[in-house]
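Student: Below is a structure I'd like to ask you about.
Protein chains: 2
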Amino acid sequence: MQFSSSLLENAVNEFARLPGIGKKTALRLVLHLLKTDPAKVEAFGDAVSRMRNEIKFCQRCFNVSDADICSICSNSLRRQEIICVVENIRDVIAIESTQQFSGTYHVLGGIISPLDGVGPDQLNIDPLIHRVHKEKPQELIFALNPNIQGDTTIYYIQKKLNASPEPTTVRITTISRGIAFGGELEYADELTLGRSLQNRMPVESYMSNR
Amino acid sequence: MQFSSSLLENAVNEFARLPGIGKKTALRLVLHLLKTDPAKVEAFGDAVSRMRNEIKFCQRCFNVSDADICSICSNSLRRQEIICVVENIRDVIAIESTQQFSGTYHVLGGIISPLDGVGPDQLNIDPLIHRVHKEKPQELIFALNPNIQGDTTIYYIQKKLNASPEPTTVRITTISRGIAFGGELEYADELTLGRSLQNRMPVESYMSNR
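Same order as they appear, the protein sequences are chains A and B.
Read left to right, the first sequence gives residues 1 to 210 (my numbering).
Read left to right, the second sequence gives residues 211 to 420 (my numbering).
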């Protein structure tokens, strides 16, 4: 692409660095901003810079936060004795959007994946072990993706908890797996369908959740 | 979507204001920036702000420019006596990318479209008439989209040129319309195929262009 302005070219190149944004989309976005009120463009740039520079990570659960302790951890209405372990911030947002969870979170910041070079030391696992021993929560709910990396991570954390000299009485659970609501049985994969038969649940608890 | 940080929420909302970017894509982009080196995020914000605040429009052709006269107009290697009339900056970039045009441009900044409330007065038509009378170019090439608005705009400019007291000798042309290279005849629309038969060209000139 040939640009007659280096300012335009720079802006397009910066946008094209973002994931999933190609040169043509970048140009479309920049030309949109060029037609936008300068004050609004300033607000856009400010919001992005401030987000990067001022955002903090909660010292307790590692979720993004405006303060040292995030709004979920500092909310006295939430059940502090239930900790939901998730891979990243996106999962927190997804679970919060369901409005079905009133406990707190622990963001691992990734998942154990030797192939990608991610080991337990790069994740917030030690702080989690520490937190469990210190806060003595009632329950640890793992909400990780159902793949080999997720299973490995659960297994590792469980072993580490049991290996510590001080035994914990925390109940360890994972979110349920099965056929999605609205899903069609005939299109479900065999593993999910097979497991959903093994892990069948009483109709009463199913009905009461609807 | 529920966010635990207002900084994150602001940044996501700003991105989601861009055309074709929804909340989920905005979140993906912002979380990417959150993992990016702060200096690079600063560079991103700067490039956008500077583009909006410092970009100029060429006083001669109304293309985007870093200076009062754009790099195309001030380039002595380009044929200043040939003016290609386009709707917007995107068309300039598209034509420049072909590397087949060595003349200059005139950006109308839109197209006459009464339904959208765009009349000739909102476009850079008067400056074009003025430019033609002043510079006395050899040729005016219209590269507008082949629809009723494009045709109306060409017709209006042509009339206006002829209506001025001082007659012009400028040659007025439009880019050729026809079957696209690589296009299949059977899938071409009837209008294009019919016109391409009417406006057939000598094989020699076709071959020499390949």
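Just so you know, even glycine gets a beta-carbon here, dropped at the ideal spot from N, CA and C.
So, at 7 Å on beta carbons, what are the nonlocal neighbours of glutamate 9 of chain A in its own chain, with the 5 sequence-adjacent residues on each side left out?
Tutor: Taking the first sequence and counting its residues from 1, the one referred to as residue 9 of chain A is at position 9. Phe3.
Student: At a cut of 8 Å, does the stretch 369-379 of chain B reach the stretch 330-346 of chain B through at least three beta carbon pairs?
Tutor: yes
Student: Measuring CB to CB, does aspartate 66 of chain A end up less than 8 Å from serine 216 of chain B?
Tutor: In the first sequence, residue 66 of chain A corresponds to position 66, counting from 1. In the second sequence, residue 216 of chain B corresponds to position 6, counting from 1. Yes, these two residues count as a Cβ contact at 8 Å.
Student: Could you tell me whether the stretch 140-149 of chain A touches the stretch 171-190 of chain A, using the rule of 3 or more Cβ pairs below 8 Å?
Tutor: yes
Student: Ignoring anything shorter than 3 residues, give me the beta strand (DSSP E) runs that lie fully in the stretch 296-351 of chain B, in order along the chain.
Tutor: Secondary structure in the stretch 296-351 of chain B: the beta strand (DSSP E) runs of 3 residues or longer, each lying completely within the stretch, are 313-317 in chain order.
Student: For isoleucine 262 of chain B, count neighbouring C-beta atoms within 10 Å of its own C-beta (all shown protein chains included) and say buried if the count is 16 or more, exposed if not.
Tutor: For the purposes of this step, residue 262 of chain B is taken as residue 52 along the second sequence, with counting starting at 1. Going by the sequence as given, residue 262 of chain B is arginine instead of isoleucine. Arginine 262 of chain B counts as buried, since at least 16 other C-beta atoms from the protein chains shown sit within 10 angstroms of its C-beta.
Student: With 8 Å as the threshold, decide whether the Cβ of glutamate 297 of chain B is near any Cβ in chain A.
Tutor: Residue 297 of chain B sits at position 87 when you count from the first residue of the second sequence. Closer than 8 Å: no.
Student: Hey, quick one: how far does the beta strand (DSSP E) through isoleucine 382 of chain B stretch, first residue to last?
Tutor: In the second sequence, counting from the first residue as 1, residue 382 of chain B sits at position 172. 381-384 is the extent of the beta strand (DSSP E) around isoleucine 382 of chain B.
Student: So what does DSSP say about isoleucine 389 of chain B, is it helix, strand or coil?
Tutor: In the second sequence, counting from the first residue as 1, residue 389 of chain B sits at position 179. Here isoleucine 389 of chain B sits in coil by DSSP.
Student: Expressed to the nearest angstrom, what Euclidean distance is found between the alpha-carbon atoms of glycine 22 of chain A and proline 229 of chain B?
Tutor: Along the first sequence, one-based indexing puts residue 22 of chain A at 22. Along the second sequence, one-based indexing puts residue 229 of chain B at 19. Rounded to whole angstroms, glycine 22 of chain A to proline 229 of chain B spans 14 Å at the Cα level.
Student: Leaving out five residues on either side along the sequence, give the residues of the same chain with a beta carbon under 7 Å from the beta carbon of proline 347 of chain B.
Tutor: In the second sequence, the residue the question calls residue 347 of chain B occupies position 137. So the list reads Glu291, Ile292, Ile293 and Val380, once near-sequence residues are dropped.
Student: Step through the CB atoms of chain A and report whether any lies within less than 8 Å of the CB of cysteine 294 of chain B.
Tutor: Position 84 of the second sequence, counting from 1, holds the residue named residue 294 of chain B. Answer no: the Cβ-Cβ gap between cysteine 294 of chain B and chain A never drops below 8 Å.
Student: Per DSSP, what kind of secondary structure is alanine 398 of chain B in: helix, strand or coil?
Tutor: One-based indexing of the second sequence puts residue 398 of chain B at position 188. Alanine 398 of chain B: coil per DSSP, three-state reduction.
Student: Would the stretch 299-313 of chain B and the stretch 332-341 of chain B be scored as touching if the rule is three or more Cβ pairs under 8 Å?
Tutor: no
Student: Taking the alpha-carbon positions, what's the cysteine 283 of chain B to arginine 300 of chain B distance?
Tutor: For this step, residue 283 of chain B is matched to residue 73 along the second sequence. For this step, residue 300 of chain B is matched to residue 90 along the second sequence. Using only the alpha carbons, I get a separation of about 17 Å.
Student: Taking the C-alpha atoms as reference points, what is the distance between glutamine 198 of chain A and glutamate 14 of chain A?
Tutor: The residue you call residue 198 of chain A lines up with position 198 of the first sequence. The residue you call residue 14 of chain A lines up with position 14 of the first sequence. Rounded to the nearest angstrom, the two C-alpha atoms are 51 Å apart.
Student: Along the chain, where does the alpha helix (DSSP H) containing glycine 45 of chain A start, and where does it finish?
Tutor: In the first sequence, residue 45 of chain A corresponds to position 45, counting from 1. Its alpha helix (DSSP H) spans residues 38-54.
Student: Based on the DSSP output, what are the partners of isoleucine 154 of chain A in its beta bridges?
Tutor: Looking up residue 154 of chain A in the first sequence gives position 154. Partner(s): none; isoleucine 154 of chain A has no beta bridge.
Student: Comparing alpha-carbon positions, which option in B:Leu318, B:Gly393 and B:Ser415 lies nearest arginine 270 of chain B?
Tutor: Sequence index remark: in the second sequence, residue 270 of chain B carries index 60 (1-based). Comparing Cα-Cα distances from arginine 270 of chain B to each of B:Leu318, B:Gly393 and B:Ser415, the minimum goes to B:Leu318.
Student: Should glycine 393 of chain B go down as buried or exposed, given a rule of 16 or more other Cβ atoms within 10 Å for buried?
Tutor: Residue numbering aside, residue 393 of chain B sits at position 183 when the second sequence is read from its first letter. Under this definition glycine 393 of chain B is an exposed residue.
Student: Taking any Cβ of chain B, which residues in the stretch 114-134 of chain A have a Cβ under 8 Å from it, in chain order?
Tutor: none
Student: For leucine 218 of chain B, return the contacting residues in chain A, with the cut-off set at a CB-CB distance below 7 Å.
Tutor: Here the question's residue 218 of chain B lines up with position 8 in the second sequence. Within chain A, the residues near leucine 218 of chain B are Met51, Ile55 and Val64.
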